[in-house]
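**Student:** Let me begin by handing over the structure; questions about it come next.
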Amino acid sequence: GENVEQHPSTLSVQEGDSAVIKCTYSDSASNYFPWYKQELGKRPQLIIDIRSNVGEKKDQRIAVTLNKTAKHFSLHITETQPEDSAVYFCAASRDAGGTSYGKLTFGQGTILTVHP
Amino acid sequence: DTGVSQDPRHKITKRGQNVTFRCDPISEHNRLYWYRQTLGQGPEFLTYFQNEAQLEKSRLLSDRFSAERPKGSFSTLEIQRTEQGDSAMYLCASSLGSVIASANYGYTFGSGTRLTVV
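Just so you know, the sequences run in chain order A and B.
When we follow my numbering, the leftmost residue of the first sequence carries the number 30, and every step to the right adds one.
When we follow my numbering, the leftmost residue of the second sequence carries the number 191, and every step to the right adds one.
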């Protein structure tokens, strides 16, 4: 089955700096890669996603890049703010049509702390 | 319908007791997933429904666990003879999708049910 590794496990930055979180996956058939933000005691929330036919996607201060050959993808947050502090999870899945039916396999999470 | 609802939010039970959790997905979402999350870890897949059909179960889901989604709407997750190792946050998520469609859509998670087995 799919295995997703996420690094670093903790990341501390100063407000205004950039933050980068990296993930690798094992299943070459995976083609959908979302990122979730989870604040303490709250539900994971989708912040951005990318499909394998795209190499990069941006949404304001957040961007995700994908390298299918190397089987890794990264989350980039620019101009970080204290409210960006949370746990971030990457995930990977196949589209339906195989046996996984869109099941997401999550990374272990990265605790991001943005210091004012 | 503003999101995925889970009930209860918290459950404390004695070891050996049975517990049941409920999830109400977003009404137009046909896919429903159950995940388990322990402290400091990412969510781990438990099981998945496409409408009322349970299409996949994780090996994490022992025979003490059972899930249903009658009529393809709400879902229940039951844990029988609870053990301390079952203590975790149980998350439900829903999404749009089709068995034959090629597109995957992001999940919407519920707030979860935090289970504590004492």
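For each residue, glycine too, the CB sits at the ideal point set by N, CA and C.
Treat the numbers as computed from the prediction; the structure is a model and nothing was measured.
1) Taking the alpha-carbon of Arg72 (chain A) as reference, which of B:Leu222, B:Thr272, B:Arg221, B:Tyr297 has the nearest alpha-carbon?
2) Leaving out five residues on either side along the sequence, give the residues of the same chain with a beta carbon under 7 Å from the beta carbon of Arg90 (chain A).
3) Can Arg259 (chain B) and Ser265 (chain B) be called in contact, C-beta distance under 7 Å?
4) Does the separation of the CB atoms of Leu267 (chain B) and Ala257 (chain B) fall below 7 Å?
5) How many angstroms separate the CA atom of Leu133 (chain A) from the CA atom of Gln110 (chain A)?
6) With 16 other CB atoms within 10 Å as the buried threshold, where does Leu222 (chain B) fall?
7) Between Glu246 (chain B) and Thr228 (chain B), what straight-line distance do the alpha-carbon atoms span, to the nearest angstrom?
8) For Arg123 (chain A) and Asn32 (chain A), I'd like the C-alpha separation in whole angstroms.
9) If contacts are defined as beta-carbon pairs under 8 Å, then Leu141 (chain A) and Asp113 (chain A) qualify, I think. What distance do you get, rounded to the angstrom?
10) Excluding five sequence neighbours on each side, which residues of the same chain lie with their C-beta closer than 6 Å to the C-beta of Tyr61 (chain A)?
11) Hey, Thr53 (chain A) and Lys100 (chain A): beta-carbon distance below 7 Å or not?
12) Using the three-state DSSP reduction, which class does Gln274 (chain B) fall into: helix, strand or coil?
13) Is the beta carbon of Gly262 (chain B) less than 7 Å from the beta carbon of Phe118 (chain A)?
14) How big is the Cα-Cα spacing for Ser195 (chain B) and Glu34 (chain A)?
15) For Thr303 (chain B) versus Phe211 (chain B), is the C-beta spacing smaller than 7 Å?
16) How is Lys247 (chain B) classed by DSSP in three states: helix, strand or coil?
**Tutor:** On the basis of the coordinates in this document:
1) B:Tyr297
2) Ile106, Thr107, Glu108
3) yes
4) yes
5) 28 Å
6) buried
7) 21 Å
8) 12 Å
9) 6 Å
10) Arg80, Ser122
11) yes
12) helix
13) no
14) 30 Å
15) yes
16) strand
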